[in-house]
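Everything below concerns the one structure shown next.
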Amino acid sequence: MSSQDRSCLCKSEAPSDQCDILSPPFSTAKPGHYTCNIEYLGNPYSITWTGSQMYPDLSSFPNVPDYNPQKIALSPEITAIWSTSQLVNCGADAVLRCCHKGKYPIIKLAHPGKEFRLRIQHEIEMMREMNASERSLPMSKVDGHALSDDQRVFGYRMECLIRLEMGELVRRMSEVRDAVARLHRAGFSHGDLGNPTNIMKSKEGDIVLIDFGCAGKIGRSVPGAVPYWVYQGAIVTADTDLQALERLAASNL
Numbered sequence: 024m025s026s027q028d029r030s031c032l033c034k035s036e037a038p039s040d041q042c043d044i045l046s047p048p049f050s051t052a053k054p055g056h057y058t059c060n061i062e063y064l065g066n067p068y069s070i071t072w073t074g075s076q077m078y079p080d081l082s083s084f085p086n087v088p089d090y091n092p093q094k095i096a097l098s099p100e101i102t103a104i105w106s107t108s109q110l111v112n113c114g115a116d117a118v119l120r121c122c123h124k125g126k127y128p129i130i131k132l133a134h135p136g137k138e139f140r141l142r143i144q145h146e147i148e149m150m151r152e153m154n155a156s157e158r159s160l161p162m163s164k165v166d167g168h169a170l171s172d173d174q175r176v177f178g179y180r181m182e183c184l185i186r187l188e189m190g191e192l193v194r195r196m197s198e199v200r201d202a203v204a205r206l207h208r209a210g211f212s213h214g215d216l217g218n219p220t221n222i223m224k225s226k227e228g229d230i231v232l233i234d235f236g237c238a239g240k241i242g243r244s245v246p247g248a249v250p251y252w253v254y255q256g257a258i259v260t261a262d263t264d265l266q267a268l269e270r271l272a273a274s275n276l
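In terms of our numbering, the sequence shown has 118 at position 95, counting the first letter as 1, and numbering is strictly consecutive.
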């Protein structure tokens, strides 16, 4: 599909013979051993290595037997999406892929594993609750139908957004603060604003918050799907967001 035929703004390309990283490097149960997911020729693999937790050299993949590459088994539902989309980005819990067509061309797919599926299911539930409380919150527009297979929910579709370059993010910090304040007034905390890629803009230029996998309702108990270290205590507060914004602003002084 040519760029002229796309309904999205992403710049992803068809798979090449180079490896793409799909996940952070995770520790394994074996001390000194680490693992991550990669994509090679359109297929996902898990690899394992020893020594440093930094990503290993993948320039010679797949001719690196020390990495013990294992092809990741995908359900038919995920395979159908994977084979007709390209990688856009990856995070701690999921990958973003783009099918380049339709109102919601971006597809967020949880990494393999129950923990990641539970978090993306929690994210979907939080976004539904946010939309039910106030339709004008600064959040991405998503398809109302979650993606699922025989292991339940694995992802969802969303609109294509534009990444904020750091310079623009710094210039627009007052707008970012206003967007976060609107979320807090509606009774929600984002939980992961320390990652600047979770602050984007729409095609119209408006500030948009994404990735609500660590979000919670202010005053409620921290949801079980949210990592214990996100909030300082057992109750969701806005402090995590406010502190993240202060750090973000201070890092660019």
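Where is the CB? At the ideal position from N, CA and C, for every residue including glycine.
Pair within 9 Å by beta-carbon distance, residue i and residue j
i, j, result
"residue 262", "residue 203", "no"
"residue 117", "residue 133", "yes"
"residue 187", "residue 200", "no"
"residue 121", "residue 42", "no"
"residue 108", "residue 123", "yes"
"residue 131", "residue 179", "yes"
"residue 249", "residue 256", "no"
"residue 233", "residue 163", "yes"
"residue 177", "residue 140", "yes"
"residue 270", "residue 214", "no"
"residue 66", "residue 135", "no"
"residue 247", "residue 210", "no"
"residue 101", "residue 40", "no"
"residue 97", "residue 110", "no"
"residue 127", "residue 181", "yes"
"residue 68", "residue 44", "no"
"residue 192", "residue 161", "no"
"residue 48", "residue 90", "no"
"residue 212", "residue 259", "yes"
"residue 226", "residue 185", "yes"
"residue 113", "residue 50", "no"
Collapsed DSSP secondary structure at residue i in the structure displayed
i, result
"residue 166", "coil"
"residue 43", "strand"
"residue 127", "coil"
"residue 252", "coil"
"residue 223", "strand"
"residue 259", "coil"
"residue 118", "strand"
"residue 216", "coil"
"residue 173", "coil"
"residue 190", "helix"
"residue 78", "coil"
"residue 27", "Since pLDDT at residue 27 reaches only 45, below the 50 mark, its modelled position is unreliable, and the value read off the structure follows with that caveat. In the structure shown, residue 27 sits in a helix (DSSP, three-state: H, G or I)."
For residue i, the first and last residue of its enclosing alpha helix (DSSP H)
i, result
"residue 142", "137 to 156"
"residue 270", "262 to 273"
"residue 197", "196 to 208"
Extent of the continuous beta strand (DSSP E) to which residue i belongs
i, result
"residue 61", "56 to 63"
"residue 99", "Per DSSP, residue 99 belongs to no beta strand (DSSP E); it is in the alpha helix (DSSP H), 99 to 105."
"residue 68", "66 to 73"
"residue 12", "Because the chain in this structure spans residues 24 to 276, residue 12 falls outside the shown range and cannot be described."
"residue 111", "109 to 113"
Pick from the options that is closest to residue i, judged by C-alpha positions
i, options, result
"residue 62", "55, 53, 207, 92", "92"
"residue 189", "273, 75, 125", "273"
"residue 53", "72, 64, 68, 44", "72"
"residue 159", "253, 230, 243", "230"
"residue 220", "115, 153, 88, 173", "115"
"residue 129", "95, 79, 166", "166"
"residue 88", "95, 169, 70, 96", "70"
"residue 157", "208, 112, 175", "208"
"residue 76", "138, 113, 57, 82", "57"
"residue 144", "253, 226, 170", "170"
"residue 125", "64, 268, 31, 228", "31"
"residue 99", "227, 226, 174, 254", "174"
"residue 74", "80, 83, 55", "55"
- prompt: On the three-pair Cβ rule with 8 Å, is the segment 237 to 253 touching the segment 139 to 158?
  reply: yes
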